[in-house]
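Peer 1: Could you have a look at this structure, given as structure tokens, before my questions?
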Amino acid sequence: MIQSMTGFGKHVVQLPNKKITVEIKSLNSKSIDLNARMPSSYREKELELRKLVVNSLQRGKVDFSLYIELTGDETTSQVNEVAVKQYMVQLQQIASGDDLRLLEMALRFPDAMKTAKEDIDEDEYEAIKEALKEALVEINKFRSEEGSVLEQDFLDRISSLKQLLEKVIEIDPERQGTIRERLEKAVQDLKAEVDANRFEQELIYYLEKYDITEEKVRLANHLDYFSKTLKSNDSNGKKLGFISQEIGREINTIGSKANYAPMQQIVVQMKDELEKIKEQMLNVL
Numbered sequence: 001m002i003q004s005m006t007g008f009g010k011h012v013v014q015l016p017n018k019k020i021t022v023e024i025k026s027l028n029s030k031s032i033d034l035n036a037r038m039p040s041s042y043r044e045k046e047l048e049l050r051k052l053v054v055n056s057l058q059r060g061k062v063d064f065s066l067y068i069e070l071t072g073d074e075t076t077s078q079v080n081e082v083a084v085k086q087y088m089v090q091l092q093q094i095a096s097g098d099d100l101r102l103l104e105m106a107l108r109f110p111d112a113m114k115t116a117k118e119d120i121d122e123d124e125y126e127a128i129k130e131a132l133k134e135a136l137v138e139i140n141k142f143r144s145e146e147g148s149v150l151e152q153d154f155l156d157r158i159s160s161l162k163q164l165l166e167k168v169i170e171i172d173p174e175r176q177g178t179i180r181e182r183l184e185k186a187v188q189d190l191k192a193e194v195d196a197n198r199f200e201q202e203l204i205y206y207l208e209k210y211d212i213t214e215e216k217v218r219l220a221n222h223l224d225y226f227s228k229t230l231k232s233n234d235s236n237g238k239k240l241g242f243i244s245q246e247i248g249r250e251i252n253t254i255g256s257k258a259n260y261a262p263m264q265q266i267v268v269q270m271k272d273e274l275e276k277i278k279e280q281m282l283n284v285l
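full-length UniProt numbering puts the first residue of the sequence shown at 1, with every later residue one more than the last.
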């Protein structure tokens, strides 16, 4: 069963003094492209958290965000008194003003606040990992649901291609007869003596150049193989992409050999269906 690369997952864990929120968003990409956002104090755990995300999602442009919100009385930020007093002195030298106004201005400057670096509590980190795993479950569920929609769309379009192929098979004898009549008329218009045996040999040679028997068989096989791969247990976006390329190659060859307007019109419809498949294929894992 295929999966989409588009998805969203979120999970929240409430600890006694902190609220942990993990969000994961993904879009289509040829490979895994992970952007992680988290508080600087948790960066030492980034590689391990990234590994969990990569192993689960495999491909896609992924945004992973970790938010930590203090809900208790504790805080890791303090006023940098030395820096603030120096700022106030410098401001007083530039312009006059009461201390409260100078304090408000000084607190906006860099280094006015200092944050004490704390070691990550092991229980807290386990809670973060559990939140991440739950968010990954959510996004994979989202991806599977989107994949089901894509799968049905692919099946409908493959069915449409098979119906168009049946039309090609149906009108092929008529096409060959028309080409033969056209060649015979062209020879008659020359009003010249033509060796009948030689003409028949040349005609057979010419018709063989426009024969599409192999293309019809290969196209039918590719369409069946696409449907079979679509139903496999794993999501095979790249493999399906390769098969769709082969389908396109056979359709193009039939179009170049057709030399018959009704068949070329069918080929145009086939190309339109295949193009829609290729557009959606970009989003398959």
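We treat Cβ as the ideally placed atom computed from N, Cα and C, and that holds for glycine.
(1) Roughly how many whole angstroms lie between the Cα atoms of residue 209 and residue 255?
(2) Hey, is the region 45 to 57 in contact with the region 22 to 37, meaning 3+ C-beta pairs nearer than 8 Å?
(3) Rounded to the nearest angstrom, what separates residue 228 and residue 150 at their Cα positions?
(4) Spatial neighbours of residue 136 within its chain, please: CB distance less than 8 Å, with the 5 preceding and 5 following residues excluded, ordered by chain position.
(5) Find out if the Cβ-Cβ distance for the pair residue 142, residue 277 is shorter than 8 Å.
(6) Start and end of the beta strand (DSSP E) containing residue 64?
(7) Just list the beta strand (DSSP E) runs in the region 178 to 263, keeping only unbroken ones of 3 residues or longer that don't cross its boundaries, in chain order.
(8) Suppose you measure from the CA of residue 207 to the CA of residue 2; what does that come to, to the nearest Å?
(9) Once the 5 residues before and after residue 15 are set aside, which same chain residues still bring their CB inside 7 Å of it?
(10) Determine whether the beta carbon atoms of residue 250 and residue 218 lie at a separation below 8 Å.
(11) Using three-state DSSP, classify residue 35 as helix, strand or coil.
(12) Short of 8 Å in beta carbon distance, which residues of its chain neighbour residue 165, apart from the five on each side in sequence? Order them along the chain.
(13) Indicate the three-state DSSP secondary structure (helix, strand or coil) for residue 41 in the structure shown.
(14) Can you tell me where the alpha helix (DSSP H) holding residue 14 begins and where it ends?
(15) Using DSSP with H/G/I as helix, E/B as strand and the rest coil, what is residue 78?
(16) Would you tell me roughly how many angstroms separate the C-alpha atoms of residue 85 and residue 111, rounded to the nearest one?
(17) Using a Cβ-Cβ cut-off of 6 Å (strictly less than) and excluding sequence neighbours within five positions of residue 12, which residues of its own chain qualify?
(18) So the alpha helix (DSSP H) residue 27 belongs to, where does it begin and stop?
(19) Determine which residues share a DSSP beta bridge with residue 4 and list them.
(20) Where do the ends of the alpha helix (DSSP H) carrying residue 51 lie?
(21) Between residue 168 and residue 243, how many whole angstroms is the CB-CB distance? I'm expecting something under 8 Å.
(22) Going by C-alpha distance, which of 5, 257, 197 and 64 is nearest residue 298?
(23) Rounded to whole angstroms, what is the Cα-Cα separation between residue 109 and residue 87?
(24) Let me see if you follow: with CB-CB separation under 8 Å, is residue 56 close to chain D or not?
(25) Considering just the uninterrupted stretch of the alpha helix (DSSP H) at residue 100, what are its terminal residues?
(26) When you compare the CB positions of residue 60 and residue 32, do they come within less than 8 Å of one another, or not?
Peer 2: This is what the structure holds:
(1) 13 Å
(2) yes
(3) 15 Å
(4) Closer than 8 Å at Cβ, skipping near neighbours: 9, 24, 52, 53, 56 and 57.
(5) no
(6) 60 to 70
(7) none
(8) 42 Å
(9) 124 and 127
(10) yes
(11) strand
(12) 216, 219, 220, 223 and 270
(13) Helix.
(14) First-last for residue 14: 7 to 14, but that is the beta strand (DSSP E), not the alpha helix (DSSP H).
(15) strand
(16) 12 Å
(17) 21
(18) Segment 18 to 27 is the beta strand (DSSP E) holding residue 27; no alpha helix (DSSP H) there.
(19) 284
(20) 46 to 57
(21) Contact flag wrong, Cβ pair sits at about 19 Å.
(22) The first residue shown for the chain is 1 and the last is 285, placing residue 298 beyond what the model contains.
(23) Distance between the alpha carbons of residue 109 and residue 87: 8 Å.
(24) The structure shown contains no chain D, having only a single protein chain.
(25) Note, residue 100: alpha helix (DSSP H), 99 to 106.
(26) Yes, they are a contact pair.
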